[in-house]
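K.L.:
I'd like to ask you about the structure that follows.
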Amino acid sequence: MADNIRLPLIIQNSNQPIYRENKLFYWIITQAPVAGVRYFLTRNREIHNFITEGIELYTYNALTPNFPQTIELEGVEYNTLEIADANKIRVTWVDYDGNWLELDKPLISYNKFPSLANNVLLDTRNYYMRIFAPRSYFVFNDAALITALPIAIPMGFYWKTKMR
Amino acid sequence: MTANKQVNNLPYTLTQLPGNNNIYLPRNDISIYRSYTVEVPLNNVGVGAKNQFLLNEFLQSEATGSVIYTGVEVWTDTQQSVTASQRTVVTATDAAKLAITLKWGQKEIIYLQPYIGWVSLINFGMIRRLDQLQFSLSDSFVQVLQGGIIGAKSALFTFYFKPVTRGR
Numbered sequence: 115m116a117d118n119i120r121l122p123l124i125i126q127n128s129n130q131p132i133y134r135e136n137k138l139f140y141w142i143i144t145q146a147p148v149a150g151v152r153y154f155l156t157r158n159r160e161i162h163n164f165i166t167e168g169i170e171l172y173t174y175n176a177l178t179p180n181f182p183q184t185i186e187l188e189g190v191e192y193n194t195l196e197i198a199d200a201n202k203i204r205v206t207w208v209d210y211d212g213n214w215l216e217l218d219k220p221l222i223s224y225n226k227f228p229s230l231a232n233n234v235l236l237d238t239r240n241y242y243m244r245i246f247a248p249r250s251y252f253v254f255n256d257a258a259l260i261t262a263l264p265i266a267i268p269m270g271f272y273w274k275t276k277m278r
Numbered sequence: 176m177t178a179n180k181q182v183n184n185l186p187y188t189l190t191q192l193p194g195n196n197n198i199y200l201p202r203n204d205i206s207i208y209r210s211y212t213v214e215v216p217l218n219n220v221g222v223g224a225k226n227q228f229l230l231n232e233f234l235q236s237e238a239t240g241s242v243i244y245t246g247v248e249v250w251t252d253t254q255q256s257v258t259a260s261q262r263t264v265v266t267a268t269d270a271a272k273l274a275i276t277l278k279w280g281q282k283e284i285i286y287l288q289p290y291i292g293w294v295s296l297i298n299f300g301m302i303r304r305l306d307q308l309q310f311s312l313s314d315s316f317v318q319v320l321q322g323g324i325i326g327a328k329s330a331l332f333t334f335y336f337k338p339v340t341r342g343r
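Right, here's the structure in full:
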């Protein structure tokens, strides 16, 4: 990539909806995962009945850190999922009625920094989904993770309106 | 050199690599309602071989034209190492040997599209937008244009779609 070329780009353009709220959630892995098993997202029940407009994944990259390597949650220290493990997980988002919204989506597709060189920042994709977290799940394609347990997977959600 | 930047209330720390500029890209203005990830097992890797999508109940129901496609992207092993059926996803080198044909009935809507061109995460994250097309994935295939693909591998697609009958 040429040094002096900078594309005339901005973080937020006119096509991007104006987010009113966003929140960072962590999914926790405390035991050695098993490939092919569904791990339901039983925590973070706030992610339901909201129309999600953006989803972001953050990983730890030792080459060019852009997210902390460890996170403390409720007195417990967790290791951020390393970027090398992000291609081993797929995710399925499900709505309140049990209908899948995104089926078997590669987790890395949500990564803000998808490359090891960290020289490309992907803007948040534009979603319009009403995710219900307790029915949504991760599946490990490959359970041989580099990241040591316990692991936290940070994901940011953006939403605009709440259902009553 | 690092810079802290607040974007959308989430902190980012950007590291300026020597000789490189960080690049911010605008999103596709595609709105994702639903998506489906499906593999194409490369059971035949001979030159000219056509490999079909792995059939499942969703493919069989959508073959009746109940969905319209708004976007598509494909993956290599860098983005997802193994498929749900435990086949290795094609490497970037393998991807350069593949081409995609998507059909609607007997008509070829997408014909011999180079697979590598739809790998979004090496194309600045851009999802290929489709102008509300319909496909018969059961008739579509991935064609091998060059030999040298070794091992039991699969091509992997994510299709973005919305139902025909509803406005969303």
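Taken in sequence, the protein lines are chains A and B.
For the first sequence, the numbering used here begins at 115 and goes up steadily by one.
For the second sequence, the numbering used here begins at 176 and goes up steadily by one.
Backbone N, C-alpha and C define an ideal beta-carbon position, used for all residues, glycine too.
(1) In the DSSP assignment, find the unbroken beta strand (DSSP E) run with D199(A) in it and report its ends.
(2) Between the C-alpha atoms of G246(B) and W279(B), what's the straight-line distance to the nearest angstrom?
(3) Between which residues of its own chain and F181(A) is the CB-CB distance below 7 Å, once the five residues before and five after are set aside?
(4) Find the nearest neighbour of R209(B) within the set N225(A), V205(A), G270(A), V190(A), judged by alpha-carbon distance.
(5) In chain order, what residues of the segment 252-269 of chain B put their CB closer than 9 Å to some CB of chain A?
(6) Could you check whether the Cβ of Y242(A) sits closer than 8 Å to any Cβ belonging to chain B?
(7) Please check if any C-beta of chain A sits within less than 8 Å of the C-beta of I205(B).
(8) Just confirm the distance between the C-beta atoms of F254(A) and K202(A), as a whole number of angstroms; I'd bet it's less than 8 Å.
(9) Taking Cβ to Cβ, would you say V208(A) is nearer than 8 Å to R239(A)?
(10) Measure the beta-carbon distance from D252(B) to T263(B) and round it to whole angstroms, keeping in mind my assumption that it falls under 8 Å.
(11) Anyone know if the C-beta pair for L312(B) and T258(B) falls short of 8 Å?
(12) Looking at C-beta atoms only, is the number of pairs between the segment 306-323 of chain B and the segment 216-226 of chain B that lie closer than 8 Å three or more?
(13) Which of the three DSSP states is assigned to R262(B) in this structure?
(14) List, in order along the chain, the chain A residues whose C-beta lies closer than 8 Å to that of S210(B)?
(15) Measure the alpha-carbon distance for D211(A) versus V222(B) and round it to whole angstroms.
(16) Q298(B): which of I243(B), E248(B), V213(B), L217(B) sits nearest, CA to CA?
(17) Less than 8 Å between the CB atoms is what I'm expecting for F271(A) and N136(A), so what's the real figure, rounded?
(18) Does the CB of T245(B) have a neighbour CB from chain A at under 8 Å?
(19) So, helix, strand or coil for R249(A), using DSSP?
(20) May I ask which residues mark the beginning and end of the alpha helix (DSSP H) holding A257(A)?
(21) Please list the partners that T333(B) has in chain D, where partner means a Cβ-to-Cβ separation under 7 Å.
(22) Is R152(A) close to chain B, meaning its C-beta is less than 8 Å from at least one C-beta of that chain?
(23) With DSSP run on the structure shown, which of helix, strand or coil describes T268(B)?
(24) Return the CA-CA distance between Y192(A) and R244(A), expressed in angstroms with no decimal places.
(25) Judging by CA-CA distance, which residue of A257(A), Y242(A), T178(A), I197(A) is the nearest neighbour of E167(A)?
P.N.:
Quick answer:
(1) That residue, D199(A), is in no beta strand (DSSP E); it is neither H nor E in DSSP.
(2) 16 Å
(3) Y172, T173, Y174, T194, P268
(4) V205(A)
(5) D252, T253, Q254, Q255, S256, V257, T258, A259, Q261, V264
(6) yes
(7) yes
(8) 6 Å
(9) no
(10) 6 Å
(11) no
(12) yes
(13) coil
(14) L215, E216, L217, K219
(15) 45 Å
(16) Residue identity check: residue 298(B) is Asn in the sequence provided, not Gln. For the residues I243(B), E248(B), V213(B), L217(B), the minimum Cα distance to N298(B) belongs to E248(B).
(17) 7 Å
(18) no
(19) helix
(20) No alpha helix (DSSP H) contains A257(A), which DSSP labels as neither H nor E.
(21) Although the question refers to chain D, the structure presented lacks it and instead comprises the protein chains A and B.
(22) no
(23) helix
(24) 28 Å
(25) Y242(A)
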